[in-house]
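Visitor:
2 protein chains.
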Amino acid sequence: MSTLRARRRKRTADTIRKAAVELALSDGLDNITTEMIAERAGISLRSFFNYFAFKEEALLPPPVALSDEKVEQFVNGSGPLLDDLADLLVAHFRQTEINRTQLRALLELSRTHPKLMFVKDQTFCRYEDQMGVVIARRLSVGPEDPRPRLMAATVAAAIRVGVSRWVAEGQGQIEDEVLSTVTALRDLFQERTPGTPRLRRL
Amino acid sequence: MSTLRARRRKRTADTIRKAAVELALSDGLDNITTEMIAERAGISLRSFFNYFAFKEEALLPPPVALSDEKVEQFVNGSGPLLDDLADLLVAHFRQTEINRTQLRALLELSRTHPKLMFVKDQTFCRYEDQMGVVIARRLSVGPEDPRPRLMAATVAAAIRVGVSRWVAEGQGQIEDEVLSTVTALRDLFQERTPGTPRLRRL
DNA sequence: GGCAAATTTTGCATATCGCGCAAAAATAGC
DNA sequence: GCTATTTTTGCGCGATATGCAAAATTTGCC
Chain A
1 MSTLRARRRK RTADTIRKAA VELALSDGLD NITTEMIAER AGISLRSFFN YFAFKEEALL
61 PPPVALSDEK VEQFVNGSGP LLDDLADLLV AHFRQTEINR TQLRALLELS RTHPKLMFVK
121 DQTFCRYEDQ MGVVIARRLS VGPEDPRPRL MAATVAAAIR VGVSRWVAEG QGQIEDEVLS
181 TVTALRDLFQ ERTPGTPRLR RL
Chain B
1 MSTLRARRRK RTADTIRKAA VELALSDGLD NITTEMIAER AGISLRSFFN YFAFKEEALL
61 PPPVALSDEK VEQFVNGSGP LLDDLADLLV AHFRQTEINR TQLRALLELS RTHPKLMFVK
121 DQTFCRYEDQ MGVVIARRLS VGPEDPRPRL MAATVAAAIR VGVSRWVAEG QGQIEDEVLS
181 TVTALRDLFQ ERTPGTPRLR RL
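Here the protein sequences come in this chain order: A and B.
Quick note, the first sequence lines up with residues 1 to 202 if you use my numbering.
Quick note, the second sequence lines up with residues 1 to 202 if you use my numbering.
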């Protein structure tokens, strides 16, 4: 249970991640080997696989869990669900430190690299699962109710779109882009005049 | 552009797919090799990679494009957008032939196998892209409008949930499950009484 | 039918991945 | 400082996946 060992381990993992990202961005993911990453990180090839199951896992930052405090705030919130959820997400993204240029390059790479896409999806899926849980708590419904899951899925989809938009052309902070995309969900399919679709502007 | 060669090619691809799925379901994905698949399909190992970029690609059926006729019907439709879109999807899923047990096993496998998940996601992403295009046409808006993309993303998310639910416990046809999940999107975040969330049943 | 061109299949060599195992090294508790 | 536990490492190995060129097959054409 040594916290020292845990910290050391985390430090090494970060070193490996840094080495992997630098190499991937400079030389291209196809032109680097796990051996090169290990060498740059100052560990043996075999040790690399003690930290990551496969090469691409070292390329994306580890998923960060939602803050417990903010989760409780959401579960007990009294505003419209979507707004309260947006608050939770904004607080979360605000505390993540993301390099936009780097993230753009990595997301672009993930489009053609199966294992990198896997890692990316795992990250989003974890968000989705967490959201499903907290939404179910907020609504006080059990696992048989399909709404939390569907809500979490659509919100996760909106987050994806928001992140993608921010990475591509966003000017401000990532949390602003996510916020506007997520809250746009409310009226997405509410057409003013059935027959001649005139949707509200995003 | 010999159509005979194309048909032969498709036939061989299907043979390989069949061999791969049978082996994966009977022996487990981890216990089979590309060589075993190739042998069962009656081709050389090297030829396998002429048909599929990697082993797992042979496990899922090739994505089917939306029917042109139904797409035009949707683009020119006059009902509520979500209903017309649901019609398009129902027509599409109706014509796909899916073995529920097999699909369940493969989706379960994809949760832990990066490359299989990649193939699955590619399939869903293609749906999402196609939907984005047809929704933009329907709304007569250009690529700068963010709504088609967000709509497509949320509908794709709903399809995922619908398919997942059908695979897990669905009794009827897959298109019915998809239909009810997608149409549930309309009122998902429309709360009757802000403050005390009382959402409509799915 | 038979020949030449184009395409597909195949064998072989090769680089890398990723895991199992056990020895060596580092670290923790006492 | 000694021993137990954990981590790192070296080595071997099977499997994946690619490039290249020869062999086989198919196609168009006469």
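Note that beta-carbon positions come from the ideal geometry of N, C-alpha and C, so glycine has one too.
1) Indicate the three-state DSSP secondary structure (helix, strand or coil) for VAL141(A) in the structure shown.
2) Could you have a look at ASP14(A) and say whether DSSP puts it in helix, strand or coil?
3) DSSP three-state call for GLN173(A): helix, strand or coil?
4) Strictly under 8 Å for the Cβ-Cβ distance: is PRO146(B) near chain A by that measure?
5) Is PRO80(A) close to chain B, meaning its C-beta is less than 8 Å from at least one C-beta of that chain?
6) Taking Cβ-Cβ distances below 7 Å as the criterion, which residues of the region 10-28 of chain B are in contact with chain A?
7) If you follow the alpha helix (DSSP H) that ARG46(A) is part of, which residue opens it and which one closes it?
8) Mapping the DSSP letters down to three states, classify THR3(B) as helix, strand or coil.
9) At which residues does the alpha helix (DSSP H) containing ASP84(B) begin and terminate?
10) Under 8 Å Cβ to Cβ from MET117(B), same chain only, skipping five residues before and after it: list those, please.
11) Please go through the same chain and pick out, in chain order, the residues whose beta-carbon is closer than 6 Å to the beta-carbon of ARG94(A), but skip the five residues on each side of it.
12) Could you say which of THR101(A), ASN99(A), GLU72(A) lies nearest to LEU88(A) if we only look at CA atoms?
13) Identify whether THR33(A) lies in helix, strand or coil by the three-state DSSP scheme.
14) If you measure between the beta carbons of ILE37(A) and ALA53(A), is that distance less than 8 Å?
15) Among residues of its own chain, excluding the 5 on either side of GLN130(B), which ones have a beta-carbon nearer than 6 Å to its beta-carbon?
16) Report yes or no: is there a C-beta of chain A within less than 8 Å of the C-beta of ASP87(B)?
17) Once the 5 residues before and after THR181(A) are set aside, which same chain residues still bring their CB inside 6 Å of it?
Guide: This is what the structure gives:
1) Coil, per DSSP.
2) ASP14(A): helix per DSSP, three-state reduction.
3) Reduced to three states, the DSSP call for GLN173(A) is coil.
4) Cβ-Cβ to chain A under 8 Å: yes for PRO146(B).
5) Interface residue, yes.
6) Correct list: empty, as no residue qualifies.
7) That run of the alpha helix (DSSP H) goes 45-51.
8) Helix, per DSSP.
9) ASP84(B): member of the alpha helix (DSSP H) spanning 81-94, first to last residue.
10) Result list for MET117(B): SER110, ARG111, in chain order.
11) Counting only Cβ-Cβ distances below 6 Å, and skipping sequence neighbours, we find GLU175.
12) When each option's Cα is compared against that of LEU88(A), the closest is GLU72(A).
13) It is coil, neither helix nor strand.
14) No, the Cβ-Cβ distance between ILE37(A) and ALA53(A) is not below 8 Å.
15) Counting only Cβ-Cβ distances below 6 Å, and skipping sequence neighbours, we find LEU66.
16) Cβ-Cβ to chain A under 8 Å: no for ASP87(B).
17) Excluding residues within five positions, the ones whose Cβ falls inside 6 Å are ALA158, VAL161, GLY162.
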